[in-house]
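J.:
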Amino acid sequence: MGMGQFSKQQTFWMGLFVFFIINFFQALFIELHFDEAYYWLYSRNLAWGYFDHPPMVAALISGGTQLFGGYLGVRFFFILLTLSSFILLWDLVKPYHNSPLIFWLMVFSISLWMPYTFFAVPDTPLFFFAVLFLWLYRKYLQKATWTIVFGLAFATAGMFYSKYHGFLLLLFVFLSNPKLIKETKAWVVVLLTLVLLVPHFYWQIENQFPTFKYHLVESHQTAYKIDVTLNYLMGLVVLTGPFLGWLFLYSAARYRTSGEWERALKFVFAGVFLFFFFVTFGGDIELHWPLIAYIPMFILAYISIGKHERWQKLVKKLGVAGFFVFLAVRIYLMAGAPGVPIEAVQQMTGWKEETALLQKEAGDKPVVFSESYQKASLYAFHTDRPSTTYALLSGFYKYSQFDLWPIEDKIQGQDVLFVSMDKLLMKDNVKHIEGNLKNWYVREISDFNSYSLLELKAHTGTFLLENKVLTVPEVAFFNPYERVVELEKNPDLQAHLQLWVYAERKWKLLDESSLENLKIESGETVSVRNVIFNLPDSVNGNQRFFLGLQNGPFLPVHSHVEFEMHVD
Numbered sequence: 001m002g003m004g005q006f007s008k009q010q011t012f013w014m015g016l017f018v019f020f021i022i023n024f025f026q027a028l029f030i031e032l033h034f035d036e037a038y039y040w041l042y043s044r045n046l047a048w049g050y051f052d053h054p055p056m057v058a059a060l061i062s063g064g065t066q067l068f069g070g071y072l073g074v075r076f077f078f079i080l081l082t083l084s085s086f087i088l089l090w091d092l093v094k095p096y097h098n099s100p101l102i103f104w105l106m107v108f109s110i111s112l113w114m115p116y117t118f119f120a121v122p123d124t125p126l127f128f129f130a131v132l133f134l135w136l137y138r139k140y141l142q143k144a145t146w147t148i149v150f151g152l153a154f155a156t157a158g159m160f161y162s163k164y165h166g167f168l169l170l171l172f173v174f175l176s177n178p179k180l181i182k183e184t185k186a187w188v189v190v191l192l193t194l195v196l197l198v199p200h201f202y203w204q205i206e207n208q209f210p211t212f213k214y215h216l217v218e219s220h221q222t223a224y225k226i227d228v229t230l231n232y233l234m235g236l237v238v239l240t241g242p243f244l245g246w247l248f249l250y251s252a253a254r255y256r257t258s259g260e261w262e263r264a265l266k267f268v269f270a271g272v273f274l275f276f277f278f279v280t281f282g283g284d285i286e287l288h289w290p291l292i293a294y295i296p297m298f299i300l301a302y303i304s305i306g307k308h309e310r311w312q313k314l315v316k317k318l319g320v321a322g323f324f325v326f327l328a329v330r331i332y333l334m335a336g337a338p339g340v341p342i343e344a345v346q347q348m349t350g351w352k353e354e355t356a357l358l359q360k361e362a363g364d365k366p367v368v369f370s371e372s373y374q375k376a377s378l379y380a381f382h383t384d385r386p387s388t389t390y391a392l393l394s395g396f397y398k399y400s401q402f403d404l405w406p407i408e409d410k411i412q413g414q415d416v417l418f419v420s421m422d423k424l425l426m427k428d429n430v431k432h433i434e435g436n437l438k439n440w441y442v443r444e445i446s447d448f449n450s451y452s453l454l455e456l457k458a459h460t461g462t463f464l465l466e467n468k469v470l471t472v473p474e475v476a477f478f479n480p481y482e483r484v485v486e487l488e489k490n491p492d493l494q495a496h497l498q499l500w501v502y503a504e505r506k507w508k509l510l511d512e513s514s515l516e517n518l519k520i521e522s523g524e525t526v527s528v529r530n531v532i533f534n535l536p537d538s539v540n541g542n543q544r545f546f547l548g549l550q551n552g553p554f555l556p557v558h559s560h561v562e563f564e565m566h567v568d
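Count the sequence shown with UniProt numbering and you get residues 1 to 568, in order.
(1) Since Leu509 is in the beta strand (DSSP E), which residue starts that stretch and which ends it?
(2) For Ala503, count neighbouring Cβ atoms within 10 angstroms of its own Cβ and tell me buried if that reaches 16, exposed if not.
(3) Among Met426, Trp246, Ser527, which residue has its Cα nearest to the Cα of Leu493?
(4) In this structure, does DSSP put Gly548 in helix, strand or coil?
(5) With 16 other CB atoms within 10 Å as the buried threshold, where does Glu562 fall?
(6) Can you tell me the Cβ-Cβ gap for Trp48 and Trp289, rounded? I've got them flagged as a contact below 8 Å.
(7) Find the nearest neighbour of Tyr137 within the set Phe103, Ser176, Phe108, judged by alpha-carbon distance.
(8) As a quick exercise: from Phe463, Val430, Ala144, pick the residue whose alpha carbon is nearest that of Ala186.
(9) Here's the rule I'm using: 16 or more other beta-carbon atoms within 10 Å means buried, otherwise exposed. How should Gln142 be labelled?
(10) Mind checking which residues open and close the alpha helix (DSSP H) that includes Leu535?
(11) Restricting to Cα atoms, I'd like to know which of Lys365, Val198, Leu101, Val149 is closest to Leu180.
(12) Can you tell me whether Phe119 is helix, strand or coil according to DSSP?
(13) By alpha-carbon positions, which one of Leu549, Val528, Val501 ends up nearest to Asn542?
(14) Residues bridged to His432 by DSSP?
(15) Secondary structure at His200, three-state DSSP: helix, strand or coil?
(16) Beta-carbon within less than 8 Å of Phe160's beta-carbon, same chain only, minus the 5 sequence neighbours each way: which residues are those?
(17) Buried or exposed: Gly259, going by 16 or more other Cβ atoms within 10 Å of its Cβ?
(18) Grab the span of the beta strand (DSSP E) containing Phe369 for me, first residue to last.
(19) Starting from Glu524, follow its DSSP beta bridges and name the residues at the other end.
(20) Tell me the rounded alpha-carbon separation between Glu309 and Ile303.
(21) Candidates Tyr373, Thr462, His560: which alpha carbon is nearest Asn530's?
(22) What does DSSP give as the partner residues of Phe418 in its beta bridges?
(23) Leaving out five residues on either side along the sequence, give the residues of the same chain with a beta carbon under 7 Å from the beta carbon of Thr460.
(24) Have a look at the DSSP bridge pairing and note the partners of Ala391.
(25) On the premise that Ser162 lies in contact with Pro122, defined as a C-beta separation below 8 Å, what is that separation, rounded to the nearest angstrom?
(26) What residue does the beta strand (DSSP E) around Leu465 start on, and which one ends it?
(27) Return the CA-CA distance between Gly245 and Lys316, expressed in angstroms with no decimal places.
(28) Assign Gly413 to one of three DSSP states: helix, strand, or coil.
(29) Name the DSSP beta bridge partners of Leu168, please?
(30) Return the Cβ separation of Ala58 and Tyr42 in integer angstroms, given the expectation that the two are a contact with Cβ distance under 8 Å.
(31) If contacts are defined as beta-carbon pairs under 8 Å, then Val484 and Ile520 qualify, I think. What distance do you get, rounded to the angstrom?
(32) Just how far apart, CA to CA, sit Ala391 and Arg254?
(33) According to DSSP, simplified to helix, strand and coil, what is Ile61?
(34) If Phe118 sits next to Ile79, beta carbons under 8 Å apart, how far is it from one beta carbon to the other, in whole angstroms?
(35) If the criterion is Cβ atoms closer than 7 Å, does the pair Gln401 and Phe51 meet it?
(36) In three-state DSSP terms, what is Phe276?
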């Protein structure tokens, strides 16, 4: 039966079925990315918020794993949301140009949509709720019924419960149509959205706004690097599609909009891309962050291409070629992608076998990973041990959800297997395990004792440096735990105050000072005085230092003091 014998609507549903089948088998066979494993841990501890993201991703994974096991359960509802997204997207563009073949060739041509149409990550529900919002906003402009108002509030809250980037869509829609500021129903949408978000705001307040602090203050803040900006600009074209990305961006940018809805599309398309362009001047950026901008870009490009027969022919030629190239890539990934040296691909292959090696070594003992919530998450998923797997992160690293869960408290005093990829941390009783993906250095630790959330304070203005000797008059330790913290409860995990210097683009340990056994009650502060550090002769000039607390083979705890001094 030839394609011409199908109606256009049948062609659309056939394309949707092909899209579903491809994503279904990808979800079934491709190993979890470490982010997905991390969010799977979210789903085993449901809450109204998490350190890195709002709770939508956890709720969807939890629902899927109630129905199916394995990778498919984790990803099931993300696939369904994606199907719904493209049904709505087709309904938005069909009135302009009823060509499902062009539609699906464009969909399959966008590189960024390949992983984010089945991955269990916050971006997938964000994508759905953004499409739903635009679909409802068009209806709102046609007739602002109360049903549409409630729907818009639901979609807006859904975006925020998925990822905070949804705020940008709301912002640029308002900027595109200033009259909304005077409309009562528009403000009802905002008010209802805030009401729906109350549980999440309450969680943030209870936990001292960890997500907001991370994204607004701590995350990705670095000095300006021109390569970040250049990578972002090049990434726009590559992620839009190596075959047709240039055409989509060009046709969307040159399209002359008419009406409030199309103007909103142009504002969101240009505004989000420009927003993240300026973000590159303040730090690092992930190339998928402007995901919501690809929705209006797609709509505008589809409308524009529908008006030019020459462009339609180009889409059919290059789109078909791109479809089969991407299909081959997807099949290769499902086969395990043997021999691919690309790090992003390696992060999703071979981890089931890798974690089995560590599980064999650990037995029934809890496993503590140094400096890697990613590896800890993969281990927890593949071994199904979410309550006895812990990531011990340091002051050189960011906080994570592991710092909010009570896992650290639960495994205190137990015998654990400590796992690191840095053999320098392991001075004694270390065992090397050579995996297919990583070299692991492990050590059994009896009577595990850690205090990664202990707070350290010192007034740098009182520090005295003379003749390469640094004197710290007072260092205070505050115990935020509900348990007593004993710095040297375990003599095999001796505690030190350490002084590090940033040199040759990494932190180097200069000196350390042993601490006597300090016992700090919950909520109490204990101080030590006149801590001495000797600096080597090689340290001269203006230097950046790090003062931190560590014990045993562990790196310094999160809380630390960074300061700069001139060394003569």
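Note that beta-carbon positions come from the ideal geometry of N, C-alpha and C, so glycine has one too.
T.: In terms of the structure at hand:
(1) Start and end: 506-514.
(2) exposed
(3) Met426
(4) strand
(5) With fewer than 16 Cβ atoms within 10 Å of its Cβ, Glu562 is classed as exposed.
(6) Incorrect: roughly 24 Å between the Cβ atoms, too far for contact.
(7) Ser176
(8) Sorting Phe463, Val430, Ala144 by C-alpha distance to the C-alpha of Ala186 places Ala144 at the top.
(9) exposed
(10) It is not in any alpha helix (DSSP H) - Leu535 carries neither H nor E in the DSSP assignment.
(11) Val149
(12) coil
(13) Val501
(14) Tyr441
(15) Correct three-state label for His200: helix.
(16) Pro54, Gly166, Phe167, Thr193, Leu197, His200
(17) exposed
(18) 367-370
(19) Partner(s): none; Glu524 has no beta bridge.
(20) 12 Å
(21) Looking from the CA of Asn530, the closest CA among Tyr373, Thr462, His560 belongs to Thr462.
(22) Val368, Arg443
(23) Val561, Phe563
(24) Phe369
(25) 5 Å
(26) DSSP places Leu465 in the uninterrupted beta strand (DSSP E) bounded by 464-466.
(27) 14 Å
(28) coil
(29) For Leu168, which the question treats as bridged, DSSP gives no partner whatsoever.
(30) 4 Å
(31) 7 Å
(32) Here the alpha carbons of Arg254 and Ala391 stand approximately 49 Å from one another.
(33) Ile61 falls in the helix class under three-state DSSP.
(34) 5 Å
(35) yes
(36) helix
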